[in-house]
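Heads up, the sequence shown is in the numbering used here, so the first residue is 1103 and it goes up one at a time. Ideal placement from N, C-alpha and C gives every residue a C-beta, glycine not left out. In this text, all values refer to a predicted model and were calculated from it rather than measured experimentally. What follows is a set of notes on a single structure, which appears directly below.
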Amino acid sequence: METMKIKHICFLTWFLLSAFSVTNAIPKSDIKNLCRETADAAFCRNKLNTDPRIEAARDLGDVLVIAIQVNDAKTHINSVSGEYSGPNGRRRINVCNKNYDIALARFKAAWENALKKSFAEANRLTGVGNNAVNDCENGWGRGGQRQKSPLTLYNTNVTKLYGIIRLLTQKLGIRI
Ligand SMILES: *[C@@H]1O[C@H](CO)[C@@H](O)[C@H](O)[C@H]1NC(C)=O
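Here's what the structure looks like:
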């Protein structure tokens, strides 16, 4: 009799816990399907699923907040900047340094807007940040002989994140 009761309580607890997690967290399969629609599904899954905040994400708005990430390109810019002593290299590395300041500020403001559910504004701000990063990349072929951009991997990641952000913004019903 006593054992039955305990079993019953255990079952009830399990049932409530699983019902709670099912109704509150966004299913992993939704993330997988979302990422399938992006340019680099593996990158998208990696960015979203390895972020500890994903466990508490309830909807696509929460996922958008998680997708608005910045990388440490500034550290990289500082560490390679000594290698660029010629006028073109100096100018280009300075453009990237300044543009990453812009991108970081816009992504931060975008994140704050996404938290407030101002998704259209969040999307717009990340677009401005992404443009700054594209300009950094294109600068290496502008106003003189082309040089290999030392920031391509960083810039590509920002652009891929922006692609995820745009897709999420559209899925949230905002026309862009
Ligand atoms: C770009 O993103 C990938 C996947 O998350 C990561 O492994 C890599 O370190 C990132 N590269 C840079 C330079 O941030």
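Between the alpha carbons of Pro1129 and Asp1164 lies a gap of roughly 13 Å. In this structure, the straight-line span from the alpha carbon of Ser1251 to that of Asp1237 is close to 11 Å. Distances taken from the Cβ of Leu1255 to the heavy atoms of ligand 1 include one shorter than 6 Å. In this structure Ala1141 touches Lys1262 by the C-beta definition: roughly 6 Å separates them, less than 8 Å. Judged by their CB atoms, Phe1209 and Val1172 are nearer to each other than the 7 Å cut-off. With a cut-off of 6 Å, the C-beta of Asn1240 is classified as distant from ligand 1, since no heavy atom of the ligand falls inside that distance. At the C-beta level, Ala1224 and Ala1207 stay beyond 7 Å of one another. Counting C-beta pairs closer than 8 Å gives fewer than three between the region 1145–1163 and the region 1184–1194, which falls short of the contact rule. When secondary structure is reduced to three states using DSSP, Tyr1186 falls in the coil class, being assigned neither helix nor strand.
Set against 6 Å, the gap from the CB of Phe1145 to the closest heavy atom of ligand 1 is smaller.
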